[in-house]
Amino acid sequence: MTLQDFMPILPEMVLLATAVAVLMVDTFLGDKRWLTWVGLVGVLLAGAATYWLALQPPADFQDMAASDAYTAFFRLVILVVTGLGLLMAMNWLEAHGEQQGEYNALLLLAAIGMTLMAAATHMLTLFVALELFSLCLYILAGFERERASSGEAALKYLLLGAFSSALFLYGIALVYAATGALTFAGIAQKASLSPLFLAGVGLLIVGFGFKVAAVPFHMWTPDVYQGAPTPVTAYMSVATKAAAFAAFVRLFVGTLGVEKSAWVPALAALAVLTMVVGNLAALSQHSLKRMLAYSSIAHAGYVLVGLAAANTTGTAAVLFYLLVYAFMNLGAFAVVIALERQGEGDVTLSQMRGLARTHPLLAAAMAIFMFSLTGVPPFAGFFGKLYLFQAAVQANLTWLAVIGVISSAVSAYYYLNVLVQIYMADPETPPTLAWRPVLGLATLVAVVFVVGIGLFPDFWLQLALGGMRVILG
Amino acid sequence: MNGVLFLIPALPFLAFVFIVLFTHQNRRVSAGLTIGATAIAWLLGWYIAFQAFLNPDEVMEAPFRLTLPWFAGGYTVFYTGFQVDLLTAVMLFMVPFLCFLIFVYSLGYMEKDPRFSRFFAYLALFATGMLGFILADNLLLAFVFWELMGVCSYLLIGFWAFRRPEETHIDTAQVQRARAASLKAFLTTRVGDTIMLVGILLLYALTGSLRWDEALSPTSLKALAEQSTYIPFLGEVPWATVLAVLIFWGAIGKSAQFPLHVWLPDAMEGPTPVSALIHAATMVSAGVYLILRTFPLFYVVEEGANGAMGFVAFIGAFTALFAATMGVAQFDIKRVLAYSTISQLGYMFAALGIGAYVAAAFHLLMHAFFKALLFLGAGSVIHAMEHGHEHAHEHGHGHRTEESLPFNPNDMRLMGGLFRRMPRTAWTFVAGGLSLAGFPLITAGFWSKDEILAEAWYTGHSVVFWTLAIAAFVTAFYTGRQIFLVFFGEPRSAAAQHATESPTTMTLPLVILAFFAVAAGWVGIPEAFPGLGAVVRGWFQRFLGVQAEALGLHVEALPFEPAPVLISVAMALGGLGASWLVYGRRPIGVTDPLQGALGGLWMAWHRKYWVDELYQATVVAFARWLSQVAYRFDDAWVIDPLVDGVGRFGRWLGARVRRFIDEQIIDRAVNGTAWLSNLVGEWFRQIQTGQVQNYLLAVLAAVTVLLVLGLF
Numbered sequence: 061m062t063l064q065d066f067m068p069i070l071p072e073m074v075l076l077a078t079a080v081a082v083l084m085v086d087t088f089l090g091d092k093r094w095l096t097w098v099g100l101v102g103v104l105l106a107g108a109a110t111y112w113l114a115l116q117p118p119a120d121f122q123d124m125a126a127s128d129a130y131t132a133f134f135r136l137v138i139l140v141v142t143g144l145g146l147l148m149a150m151n152w153l154e155a156h157g158e159q160q161g162e163y164n165a166l167l168l169l170a171a172i173g174m175t176l177m178a179a180a181t182h183m184l185t186l187f188v189a190l191e192l193f194s195l196c197l198y199i200l201a202g203f204e205r206e207r208a209s210s211g212e213a214a215l216k217y218l219l220l221g222a223f224s225s226a227l228f229l230y231g232i233a234l235v236y237a238a239t240g241a242l243t244f245a246g247i248a249q250k251a252s253l254s255p256l257f258l259a260g261v262g263l264l265i266v267g268f269g270f271k272v273a274a275v276p277f278h279m280w281t282p283d284v285y286q287g288a289p290t291p292v293t294a295y296m297s298v299a300t301k302a303a304a305f306a307a308f309v310r311l312f313v314g315t316l317g318v319e320k321s322a323w324v325p326a327l328a329a330l331a332v333l334t335m336v337v338g339n340l341a342a343l344s345q346h347s348l349k350r351m352l353a354y355s356s357i358a359h360a361g362y363v364l365v366g367l368a369a370a371n372t373t374g375t376a377a378v379l380f381y382l383l384v385y386a387f388m389n390l391g392a393f394a395v396v397i398a399l400e401r402q403g404e405g406d407v408t409l410s411q412m413r414g415l416a417r418t419h420p421l422l423a424a425a426m427a428i429f430m431f432s433l434t435g436v437p438p439f440a441g442f443f444g445k446l447y448l449f450q451a452a453v454q455a456n457l458t459w460l461a462v463i464g465v466i467s468s469a470v471s472a473y474y475y476l477n478v479l480v481q482i483y484m485a486d487p488e489t490p491p492t493l494a495w496r497p498v499l500g501l502a503t504l505v506a507v508v509f510v511v512g513i514g515l516f517p518d519f520w521l522q523l524a525l526g527g528m529r530v531i532l533g
Numbered sequence: 014m015n016g017v018l019f020l021i022p023a024l025p026f027l028a029f030v031f032i033v034l035f036t037h038q039n040r041r042v043s044a045g046l047t048i049g050a051t052a053i054a055w056l057l058g059w060y061i062a063f064q065a066f067l068n069p070d071e072v073m074e075a076p077f078r079l080t081l082p083w084f085a086g087g088y089t090v091f092y093t094g095f096q097v098d099l100l101t102a103v104m105l106f107m108v109p110f111l112c113f114l115i116f117v118y119s120l121g122y123m124e125k126d127p128r129f130s131r132f133f134a135y136l137a138l139f140a141t142g143m144l145g146f147i148l149a150d151n152l153l154l155a156f157v158f159w160e161l162m163g164v165c166s167y168l169l170i171g172f173w174a175f176r177r178p179e180e181t182h183i184d185t186a187q188v189q190r191a192r193a194a195s196l197k198a199f200l201t202t203r204v205g206d207t208i209m210l211v212g213i214l215l216l217y218a219l220t221g222s223l224r225w226d227e228a229l230s231p232t233s234l235k236a237l238a239e240q241s242t243y244i245p246f247l248g249e250v251p252w253a254t255v256l257a258v259l260i261f262w263g264a265i266g267k268s269a270q271f272p273l274h275v276w277l278p279d280a281m282e283g284p285t286p287v288s289a290l291i292h293a294a295t296m297v298s299a300g301v302y303l304i305l306r307t308f309p310l311f312y313v314v315e316e317g318a319n320g321a322m323g324f325v326a327f328i329g330a331f332t333a334l335f336a337a338t339m340g341v342a343q344f345d346i347k348r349v350l351a352y353s354t355i356s357q358l359g360y361m362f363a364a365l366g367i368g369a370y371v372a373a374a375f376h377l378l379m380h381a382f383f384k385a386l387l388f389l390g391a392g393s394v395i396h397a398m399e400h401g402h403e404h405a406h407e408h409g410h411g412h413r414t415e416e417s418l419p420f421n422p423n424d425m426r427l428m429g430g431l432f433r434r435m436p437r438t439a440w441t442f443v444a445g446g447l448s449l450a451g452f453p454l455i456t457a458g459f460w461s462k463d464e465i466l467a468e469a470w471y472t473g474h475s476v477v478f479w480t481l482a483i484a485a486f487v488t489a490f491y492t493g494r495q496i497f498l499v500f501f502g503e504p505r506s507a508a509a510q511h512a513t514e515s516p517t518t519m520t521l522p523l524v525i526l527a528f529f530a531v532a533a534g535w536v537g538i539p540e541a542f543p544g545l546g547a548v549v550r551g552w553f554q555r556f557l558g559v560q561a562e563a564l565g566l567h568v569e570a571l572p573f574e575p576a577p578v579l580i581s582v583a584m585a586l587g588g589l590g591a592s593w594l595v596y597g598r599r600p601i602g603v604t605d606p607l608q609g610a611l612g613g614l615w616m617a618w619h620r621k622y623w624v625d626e627l628y629q630a631t632v633v634a635f636a637r638w639l640s641q642v643a644y645r646f647d648d649a650w651v652i653d654p655l656v657d658g659v660g661r662f663g664r665w666l667g668a669r670v671r672r673f674i675d676e677q678i679i680d681r682a683v684n685g686t687a688w689l690s691n692l693v694g695e696w697f698r699q700i701q702t703g704q705v706q707n708y709l710l711a712v713l714a715a716v717t718v719l720l721v722l723g724l725f
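Sequence order for the protein chains is A and B. Last residue of the first sequence: 533 (our numbering), numbering continuous. Last residue of the second sequence: 725 (our numbering), numbering continuous.
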């Protein structure tokens, strides 16, 4: 093997080097804030590598992973999320006195696993990538050692994650038993509707369903999201989803597309359950983090609609939506981080009261994120939902689109309720702010993209379509 | 080159954002940002405009264009962008230049205002709206900017609609008036905009595009002219006519034409630079520009079968005369100009209605220059009156005995003799006034007005011609009246006695505008005009003629006819002369000499034909009545009694039932409910227990169900 052969996974190599560098620098650096900037430089370099790779003809790494437009799109999404995740955590780690070096290194390692999920074209790569980022996240979920609920979240996440990994691995084994292949291309060739194969596919759906938090595999989500440190929750809620859906789409729409009659009904059913349960459960939450956890379940449901459509527009819409969702959800969590009181690890709705009076800019940012999550034009979330539901209609799944629209109308209640608290209620106690410039920068970036993608959605949609053409040929 | 197009509206917008977010504490930087951004936009605009002036044919062949895909909707991608063709070039010459001059003028005019930065932020936002509107290459984007202008207009008319305790220069009555005026302007134009939006949606539904060149391409126009729809009472009407009339209603609202003209005079409550820029030169003429843009829609249906052109001509000519007469009987210096603006916009619409495309655009341009000049001059006078008033008070000069009116810096009855006190303002104001009156040969207003009259004469629209000719007489009369009342005679108040010339930031824009108000018209001296015509050869007509030809209009250089020119000259000089006879020859008091002579007619003019009262009694009263009915329906008649009734019934029933059932059933039911909610709660808790083993169990159950369903 020559150095040339490693080029297709260059961004991952860069991230790995950065993670190691962060750990090493940590040992002899006084001001730990620099670790964030080191990590950020690594992310930017990885981004440059991604861009450079996107200009090259598609290539693959030992039949294990592919570097093409599709991979590039998700690398972009995950790198942006990782960069913002580093920024959002910086002030938080400082304030809580936690280990900056380990945190940043774990976040970067998780990012490697996630981008590899998108690149994977081999079942073993897929599984190793899945485990890589999952293990990092188990640790990160328990990172706030002072708070018992953080540890509880980590343990729950670990137990349920291990269980679902086992099911996922069992699914891989059954598919291998049915087809004798582990590469995606090989599986596609040998796929048949034998019971063995179907059982394997079913278990794979369960494994992915767990990672994207689809109902009924969502139960860990509210507990873990609420318990984990908020920057970790923010990162988990968008990056895990993007990575899991990246592999989900490549494996199902791309590889198993021919057999889609076997899995589309299952996914459609999951989509309905996820949208309905997620939105209804979010209605009665008082904790902002728990509310956002259920909301993220509901959003997984919307994305599943695009996956169930299984056509070009549907899957392009999935990509587009994951990008949009990353910015609006991260932004909402950034506001939560800003409002969080030391040691509580959570923000209640009543703590938002009268925020517009005391912190008008923060309130305005939150308003933009809430509107976008609801799907109000001209923000990015509107176009995301529009493309997803449009794809469902084109795939003759109009009923699915209708349920999606109705359940997203329900969601307006709990998103706008936040705004009611912010703008119309009088503050009980003046909200205390952990508001620091770096966190502000991350919020600003999120606002710019939520508005910018909303105003000029076409560029990003074309990018997503470019990624899709690789998958669907 | 084409890439910089978006900079022209984007720069003022950036200035707006910067002022709002960062620099609103610093007056100097805020004003500097707005003026700097506008200056760059102005230079860019002129660079592009002059390229078009030098190579009209090339630009018409390939207009400057910047197109971006906006969003994918349904099965099409909606494109948006900016373009510059010859018509845009003409506007691009005028708009940023006037914006710049008026912003500089505002430096002096708003100097003492505590909300100086906010004012410049609004101005920058308005510049964004107007520049974006003229550059937009499709109706949707144009509508967005159109509404942006509407918002700015609202904000600026109501600029003094609230005040801080330290702002002593605004009295409570003025606050009330500003509040009412801004609302009135916004709501009145909303009527027109709503009708126009229907037109825009219909146009998109019928042609599948809103780009000027696609929606109004020859093929789609042909289809729109041939297909028709049934409208009650009117019968079959071609779609083109329906769309044209709907869109024209937007222009009626924005350009304050009858019957939606009522908001513009009240809009004078805004600061004077705003009146000059928004309510004289740019925003109100946006309606004319919109019709120029969509003109093929009006023109495509054969004459006779087409109600749209006739409708436009009627509204325009009627408004021209109607508003001019009201201008005769006003005492507020700005209100006279406001009615004059309405009237002159009517001229432009009348020109469009008789197919005089080029003449309308020409008058739009000329009017922008001389009316901006007149408003700024009026602002200078008001500024001087306010200062004179303060000065007179400080030095204890007592009120003169004949001064029975309360002090109002806008009241022309309190002015007089200002020529000697402020010569630069006076000279430039007279130049603008003569241009408005159409003083023959030298002024811009003469050439553009003459062009419209000549066209009406030549095309045989005699009703339009005579209406406009009489309006020209009235125009010259009220202009002369204003000049004599303000600048000549003896000062009629202490304020006028102590008035002084305004600062250079204010007078310099006046001088520059005065040059344009006179000389700009020379570019449009028709080729056939004896003597002078041979020099200029109707440059403007030939330039914009290229655009008109490209739109499929028939344009020809008119032969010279002495009759309309002589009538136009006679009207202008006659009006000015008559005003001298009434107001200039001898000193006047508080009562207008005409009031005695004309009596009831004068009152009708003074009270604006009671249109405001009519709307108050009909439209507003109806809205009030409707809201009352809705309220009563809710509160007294139906909903509340219903609810109360249900409640009373419930209480009655409850009282009955309690006796029988309370002991036997309720207790058990309460216990039962508690038991049930416990059960449900228990069930829910079992799902979301926080216990990992239960979660695992649920997952396992789900997997089983999935596999069983999948396999069988």
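Even glycine gets a Cβ: it sits at the ideal position worked out from N, Cα and C.
With respect to the 8 Å criterion, residue 364 of chain B and residue 265 of chain B are not classified as neighbours on the basis of their beta carbons. Contact annotation: residue 261 of chain A and residue 322 of chain A have beta-carbon atoms nearer than 8 Å. Among the residues of chain A, those whose CB is under 7 Å from the CB of residue 703 of chain B are 283, following chain order. Neighbours of residue 716 of chain B across chain A, judged by C-beta separation under 8 Å: 227, 262, 263 and 266. Secondary structure within the segment 314-371 of chain A: the alpha helix (DSSP H) runs of 4 or more consecutive residues, fully enclosed, are 320-343 and 348-369 (chain order). Per DSSP, residue 243 of chain B is one residue of the beta strand (DSSP E) stretching across 241-244. Within chain A, the C-beta atoms nearer than 7 Å to that of residue 82 of chain B come from 518, in chain order. Between residue 64 of chain B and residue 519 of chain B, the alpha-carbon positions lie close to 31 Å from each other. If you draw a straight line from the Cα of residue 389 of chain B to the Cα of residue 284 of chain B, it is about 11 Å long. Nearest to residue 534 of chain B by C-alpha distance, out of B/554, B/517, B/544 and B/541, is B/554.
Contact between the segment 335-342 of chain B and the segment 371-379 of chain B is absent: fewer than 3 CB-CB pairs across the two stretches fall below 8 Å.
Among the CB atoms of chain B, none fall inside 8 Å of the CB of residue 431 of chain A.
Here residue 119 of chain B has 286 as same chain residues with Cβ atoms under 6 Å from its own Cβ, once five neighbours each way along the sequence are excluded. A straight-line Cα-Cα distance of about 22 Å links residue 473 of chain A and residue 365 of chain A.
Here the segment 522-532 of chain B does not lie against the segment 504-511 of chain B, with fewer than 3 beta-carbon pairs under 8 Å apart. The beta-carbon of residue 216 of chain A is placed less than 8 Å from the nearest beta-carbon of chain B. Here residue 488 of chain B carries a helix assignment [DSSP, helix/strand/coil]. Closest option to residue 115 of chain B, judged by alpha-carbon separation, among B/160, B/49, B/669 and B/62: B/49.
Taking C-beta atoms as the reference points, residue 471 of chain A and residue 339 of chain A count as a pair closer than 8 Å. Under the three-state reduction of DSSP, residue 122 of chain A is assigned to coil, being neither helix nor strand. Taking 3 residues as the minimum length, the beta strand (DSSP E) runs contained wholly in the segment 184-263 of chain B are 241-244 and 248-251, in order along the chain. Taking residue 152 of chain B as reference, the option from B/43, B/213, B/106 and B/230 with the minimal CA-CA separation is B/213. Contact holds between the segment 394-401 of chain B and the segment 434-442 of chain B, because three or more Cβ pairs, one in each stretch, are under 8 Å apart. By the criterion of at least three beta-carbon pairs nearer than 8 Å, the segment 383-393 of chain A is in contact with the segment 285-301 of chain A. For residue 208 of chain A, the enclosing alpha helix (DSSP H) starts and ends at 208-239.
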